[in-house]
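Notes for the one structure printed next.
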Amino acid sequence: MKNKEVAKLLNNIADLLEIKGESVFRVGAYRSAARHIEGLSEDVEILARAGGLRSIPGVGESLVTKISEYLETGRSQYLEDLKSQFPQGLIELLQVPGLGPKKTKLVYEKLGVAGIEDLEKAVHERKLRDLPGMGEKTEQKIEKELERWRSRTRRYLLGEALPLAEEIADALRSCTAVQRVEPSGSIRRRKETIGDVDILASSDHPDEVITCFDALPLVKEVIAKGSTKSSVLTQQDIQVDLRVVKPESFGAALQYFTGSKEHNVKLRELAQKRGLKINEYGIFDERTGQKVGGESEEDIYRIVGLAYVPPEMREDRGEIEAAERWAADGTVPELVEISDIRGDLHVHTNWSDGLNTLEEMAAAAMARGYSYVAICDHSKSLGVAHGLSPERVLEQRALIDEANKRLAPFRIIAGIELDIRADGTLDYEDELLAQFDIVTVSIHSAMGQPREKMTERILSGLRNPYVQIFNHPTGRIIGRREPYEVDLEQVFSTAAELGVAMEINAAPDRLDLSDLAARRAKDYGIHIAINTDAHAAWHMDFMRYGVATARRAWLQKSDVLNALPVEELVQRLSENRARRLAVRR
DNA sequence: GCCGTTTTCGGCCCGACTGTTTTCAGTCG
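Residue numbering for the first sequence follows the numbering used here, starting at 147 and increasing by one per position.
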């Protein structure tokens, strides 16, 4: 899958064209195509072979040629030519806040600044302030940004940023001038990583809200403040932006500040076609200039003629077009919600590398309103995690049976997280696997295998008739470990055929499958299990991040395996097993 | 560079803020 690579190619071209001073629309065309290709659920290479590049929105004749050239030869003459005109470091300079294409070009041409280090030197020597259009303030701002740029390369996990945003929102609600507060931006869309935290508030006295915000104990430093907005750094150096609007504009502002930018652009274009104008203050009739809505977010979508689009879908991945159809035929799909989840199908206990006992994990599941939990400890080959020998796992099984007698109607499902070994064989014999209510499989070793070997390894694991769920299918750890090389399309198509479910692992640093991959899995008709992989009771709270990812993948309740009531779940699992065993005989 | 129930040419989302200017360009979200 070279989608990311192609997107990067186009973005690189866009960066250089920008510095070159090309039309913003031409630059925008490259970026728009890049975004669409990155968001594509199918493989761009396969699409290219089928002659279907033209069908990608934003890709016209010229880009088809450039993309095809890149896919065939691994390079682009056009990009090479551009690169030869400018030093590589200029692209890096664009990343510094406050430095756009124009200023980057300026410092390059006037001062020979060709990268971050040159820029630091020029700032240090106070050379920037004498350039046309720049001054002392600009130089100081860049100096400060450079310092921050050095330390701030990482994005934060949703699992870190969302609790922080909620804490701040709660704190602001106790400020008397505040009417409403909502986290907005990418947090509200539940993106897997977050650059900075955006909070929206409504009030008739914005200045009081700003004062209240700047005085919060978790604020370390106020970076910028105006009459309706303020940016601060928290003690952990996360940037938080607060924006305060009038109550009558709250809905429009919430829509606007939730984004994504691409979603909003598309929404506004559509509005414009219908004689309407949307901004953060409301929605207006373009002819009369009269405001026709804006107090609630629902207003905006309804007046433009769309069904309401949940924040998690707002990524310009076809949701606007879909919302148009939904509004027309009244069939708005309801995305899965946390309240739909009936149990967690992947948790650990202290029998392997978990912290809590079996009973404690069951109690934690009950406390969350679940009617079942599947205990899936590690199998024997995962030595580092005290993987269970066949004898021990049978011992645990007996204990589970006993506990179930006491806990009914709550149900502990006896499961296992079984390693698919490097050669594609499974860690237990079939006779043992037959003892489990649910068998889930994972890759925990030899993650560097080449793509074909890894794919074949996974497929052979999935083909075992006892296997029901494939855990964290790509093995990524956000920010730390890339997904292993695997042909997901083949995995999905085999899984669909066999009736094996895929996991969305809800651990905030995994979220694996990702939103895009899960949406692709749904296209194949695959069931998704949203599991926390809890190694401690409190980890079961990660479920919300898994559900968020599922919603970003457009999943509905009916797509989610653990939204089933316990009887239906157990029946489905045993029917699937029986069917597959029958085929094998 | 893309795109089209107003267009195959002439558009392309919208507003705020900052710093530099003296009416605006650049940047950002």
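Glycine included, each C-beta is placed from N, C-alpha and C at the ideal position. A quick note: this is a predicted structure, and the numbers were derived from the prediction, not measured.
Nearest in C-alpha terms to Leu491, of all of Leu400, Val729, Thr477 and Pro711, is Pro711. Nearest Cα to Met507 within the set Gln385, Met686 and Val355: Met686. Counting of Cβ neighbours within 10 angstroms places Arg665 among the buried residues, the total reaching 16 or more.
Distances from the alpha-carbon of Ile213 to those of Leu155, Val242, Arg420 and Leu245 put Leu155 closest. Residue range Lys407 to Lys419 is occupied by the alpha helix (DSSP H) that includes His409. Judged by DSSP secondary structure, His492 falls within the beta strand (DSSP E) whose first and last residues are Gly489 to Val493. Counted as a single uninterrupted DSSP element, the beta strand (DSSP E) harbouring Tyr518 occupies residues Tyr518 to His524. If the five residues before and after His673 are omitted, its C-beta is found closer than 6 Å to the C-beta atoms of Ala647 and Leu707, all from its own chain and listed in chain order.
Counting along the chain, Ile650 sits inside the beta strand (DSSP E) bounded by residues Ala647 to Asn651. Take Ala510, set aside five residues on each side of it, and the residues of its chain with a beta-carbon closer than 7 Å to its own are Ala683 and Met686, in chain order.
Straight-line spacing of the CA atoms in Arg389 and Ile288 works out to 24 Å. Every beta strand (DSSP E) stretch that sits fully inside the stretch 554-592 and reaches 3 residues is listed by chain position as 557-565 and 584-588. Residue range Val343 to Ser348 is occupied by the beta strand (DSSP E) that includes Val343. No Cβ-Cβ contact shorter than 8 Å links Ser588 with Asn550. Two segments are said to touch when three or more pairs of C-beta atoms, one from each, lie closer than 8 Å; by this definition the stretch 638-658 touches the stretch 301-308.
Each of Leu578, His494 and Thr571 was checked against the Cα of Ser535, and the nearest Cα belongs to Leu578. The alpha-carbon of Val253 is positioned some 13 Å away from that of Val242. In the DSSP assignment, Arg326 falls within the beta strand (DSSP E) that extends over Arg326 to Ser330.
In this model, Gly607 and Glu226 are separated by some 44 Å (Cα to Cα).
Residues Ile165 of the same chain have their beta carbon placed closer than 6 Å to that of Lys251, with the five preceding and five following residues left out of the count. Classified as buried, Pro457 has 16 or more neighbouring CB atoms from the shown chains inside 10 Å of its CB. In this chain, the alpha helix (DSSP H) harbouring Thr601 covers Arg597 to Arg609. Counting the other Cβ atoms within 10 Å of the Cβ of Gly594 gives fewer than 16, which makes it exposed.
Residue Glu631 holds the alpha-carbon nearest to the alpha-carbon of Arg622 among Ser639, Glu631 and Gly439. Here Leu422 is near Ile449, since their CB atoms are less than 8 Å apart. When secondary structure is reduced to three states using DSSP, Glu443 falls in the helix class. In this structure, Thr695 and Glu408 do not form a Cβ contact; the two beta carbons are roughly 19 Å apart against a cut-off of 8 Å.
Residues of the same chain with a CB within less than 6 Å of the CB of Trp472, apart from the 5 flanking positions on each side, are Ala453 and Val478 in chain order.
Ser349 counts as buried, since no fewer than 16 other beta carbons sit within 10 angstroms of its beta carbon.
Taking each of Arg718, Pro611, His270 and Glu432 in turn and checking the Cα distance to Leu727, the smallest one comes out for Pro611.
In this structure, Leu209 lies away from Ala160, with their beta-carbon atoms at least 8 Å apart.
The alpha carbon of Val693 has as its nearest neighbour, out of His681, Leu715, Glu721 and Asp661, the alpha carbon of Asp661.
Taking the Cβ atoms as the reference, Gln614 lies roughly 7 Å from Thr586, within the contact range of under 8 Å. Under DSSP, Asp431 takes part in a beta bridge, and its partners are Leu422.
In this structure, DSSP gives Gln234 a state outside helix and strand, which the three-state scheme calls coil. Per the DSSP secondary-structure output, Thr339 pairs in a beta bridge with Leu303.
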